[in-house]
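Each remark here refers to the structure printed beneath this line.
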Amino acid sequence: MEVARWPPPPDSAAVGLHLLPTELLHDILSRLPPSDLLLLLRSVSLSVFSPFAASPDFLRLHDSLHSSSAWLFLLHKHWPSHFSLRAVSDRSTHWLRLPLPPLDDPYLLAASGDDFLFSSNSHRELIAYNSSSRAYRRIPISPLGRRGTDSWRRSGLKLVPGPAGSGGFRFIFAELHQNKPTQFEYCSDTDAWRSLEAEEAAEARPIDGLLLNIVNFEHESVLMRVSERPTVLRPRFNNGSVGSDGLHVYGDGWVAVVRSAEVAGEGGRVLKGVDLYGLGSDYREWEMVSSVPKAALLKVGRAFSVMRGCLEEKGGVVRVVLLSDFRGSRDLIWLCYERSRCEWTWIPVPETGQRGSNMAGMSLSSGLGLRSIVGGRKNGI
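Going by my numbering, the sequence shown opens with residue 9, and the numbers climb by one from there.
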């Protein structure tokens, strides 16, 4: 576990904590984010915390208190063949390093709770991994055949957890197959694929469930509503300048348009604005929802030459993460838009400390608990 910006406390701190009533210590530890808690456990005497470290009741309590936390996952590639999976939550001050199964040339495609999906470029296959059980499986080849990583790097795919306690999941993606919008779905319970051809939406009606991007053109997008009878939506940017302006980050029926400008003499760009669009009432156009306030953008002052992003909407909150690079120096920007309050929040992200590595995928998710992080260890935390 990487220790960052938190020097180990003196031995007297462990003694002081040991003198606290058990109920109070239990309450304090249960409120710490997983990364901060694990760092504390590695900084003081484990004898103070051993009753909690191996306690299933404490792990369940901690997970319930932090179930709404959002997580960002980054897969780093260290040449020639070493990879590391790192995670940080919107409440954490430190990165966690999660264990990885033996993978050959992996790329992180998606995450959901303690389930992760990777593509192997060298073997042109998909691998699912559960961080709680440490189990991984190779997914049967999809109906589209073996595919390299470049064919999977898209916003139109999702890892969906099964019913609580089932341990199962579904991997769903949408694609134009033989020029027809098609929903492809793998179910871990049956270990099999199925495909459903989508129909054009005949009329405007309430959209519920999962929305996946199939393809995005300059002024129009093709989306699919996932269901037993999938339907196609084709929202447009009615403002002609928006469709061709800047980086577009799609996900869950939303799009963040990132505007930037060149920095004279530096060969880079600087962020000028982030505008959030959602589906209009008739689902036929992208409708402007909100722009990130200038005060939040002032926190992002670095220039960049390359930028990529990911977006997720869950529980009424739209989360946008932008990863930029300038001459080998990376910067992460995490923005959240709370729909009910029409408010933006900037989430400070600690330095990854991974300068010199290559990025091999990133994903947003929620539901990663302490039990998932420490799962498979004989002695708990």
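Think of the CB as a built atom: it goes at the ideal place given N, C-alpha and C, for glycine as much as any other residue.
Predicted model only: the values in this text are computed from it and were never measured.
Cβ shell of residue i (< 6 Å), same chain only, five flanking positions each side left out
i, result
"Asn-138", "Asp-122, Asp-123"
"Val-266", "Gly-254, Leu-255, Val-282"
"Glu-346", "Val-325"
"Trp-342", "Val-329, Ile-355, Val-357"
"Trp-160", "Leu-117, Ser-127"
"Gly-375", "Gly-121"
"Thr-353", "Cys-344"
Residue i to residue j span [Cα, whole Å]
i, j, result
"Arg-292", "His-227", "12 Å"
"Leu-306", "Arg-277", "15 Å"
"Ser-63", "Leu-28", "18 Å"
"Val-257", "Ser-92", "25 Å"
"Leu-69", "Arg-310", "40 Å"
"Ala-200", "Pro-356", "41 Å"
"Ser-128", "Tyr-144", "13 Å"
"Glu-236", "Gly-217", "11 Å"
"Ser-100", "Ser-380", "16 Å"
"Pro-238", "Lys-322", "21 Å"
"Ala-303", "Val-263", "21 Å"
"Ser-298", "Arg-349", "12 Å"
"Glu-183", "Asp-290", "23 Å"
"Ser-89", "Leu-37", "37 Å"
"Leu-40", "Leu-284", "32 Å"
"Leu-33", "Thr-360", "30 Å"
"Val-300", "Phe-179", "32 Å"
"Trp-294", "Leu-45", "42 Å"
"Ser-174", "Ala-210", "36 Å"
"Ala-172", "Met-296", "36 Å"
"Glu-31", "Ser-77", "24 Å"
"Asn-246", "Leu-331", "28 Å"
"Glu-351", "His-74", "22 Å"
"Gly-288", "Arg-327", "19 Å"
"Glu-10", "Leu-47", "Note on Glu-10: pLDDT 38, under 50, position unreliable in the model; the coordinate value appears next. The straight-line gap from Cα to Cα measures roughly 8 Å."
"Val-168", "Met-232", "16 Å"
"Gly-153", "Gly-273", "47 Å"
"Tyr-194", "Leu-134", "11 Å"
"Glu-320", "Asp-35", "31 Å"
Whole-number beta carbon distance between residue j and residue i, since they are thought to touch under 8 Å
i, j, result
"Trp-87", "Ser-373", "Not quite, the Cβ-Cβ distance comes to about 27 Å (not below 8 Å), so this is no contact."
"Leu-83", "Leu-116", "4 Å"
"Gln-191", "Ala-206", "6 Å"
"Ala-119", "Phe-81", "5 Å"
"Asp-333", "Val-314", "5 Å"
"Ser-365", "Lys-188", "Going by Cβ atoms, the distance from Ser-365 to Lys-188 rounds to 40 Å, so no, they are not a contact pair."
"Arg-162", "Arg-132", "Not quite, the Cβ-Cβ distance comes to about 16 Å (not below 8 Å), so this is no contact."
"Asp-113", "Ser-130", "4 Å"
Cβ pair residue i, residue j closer than 7 Å
i, j, result
"Cys-318", "Met-367", "no"
"Pro-151", "Ser-97", "no"
"Phe-126", "Leu-104", "no"
"Val-325", "Cys-344", "yes"
"Gly-164", "Asn-221", "yes"
"Ala-95", "Leu-108", "no"
"Asp-71", "Gly-377", "yes"
"Glu-208", "Val-234", "no"
"Ile-147", "Ala-136", "yes"
"His-102", "Ser-141", "no"
"Arg-242", "Val-230", "yes"
"Gly-261", "Leu-219", "yes"
Close-in-space but distant-in-sequence residues of the same chain around residue i (CB under 7 Å, 5 per side omitted)
i, result
"Ala-269", "Arg-277, Val-278, Lys-280"
"Gly-176", "Gly-170, Ser-196, Asp-197"
"Lys-166", "Ala-118, Ile-180, Leu-218, Leu-220"
"Arg-316", "Leu-331"
"Asp-19", "For Asp-19, the pLDDT reaches just 48, beneath the cut-off of 50, and the residue's location in the model is therefore unreliable, leaving the point undetermined."
Spatial neighbours of residue i in its chain, beta-carbon cut-off 8 Å, leaving aside the 5 residues before and after
i, result
"Arg-13", "Model confidence at Arg-13 stands at a pLDDT of 37, short of 50, so the residue's coordinates are unreliable; what they give is reported in the following sentence. These residues qualify, in order along the chain: Thr-101, His-102, Pro-358."
"Val-271", "Arg-277, Val-278, Ala-311"
"Gly-275", "Ser-313"
Proximity test, Cβ basis, 7 Å: residue i and chain B
i, result
"Pro-41", "Given the protein chain composition of this structure (a single chain), no chain B is represented."
Please list the segments of the alpha helix (DSSP H) lying wholly inside the segment 52-139, counting only runs of 4 or more residues, in order along the chain. 54-61, 64-73
At 4 residues or longer, what runs of the alpha helix (DSSP H) sit wholly inside the segment 241-313? 248-251, 302-305
Residue ranges of each alpha helix (DSSP H) run of no fewer than 4 residues wholly in the segment 335-382, ordered along the chain? 378-382
Sequence ranges, beta strand (DSSP E) only - wholly within the segment 149-220, length at least 3: 165-169, 177-185, 188-195, 200-205
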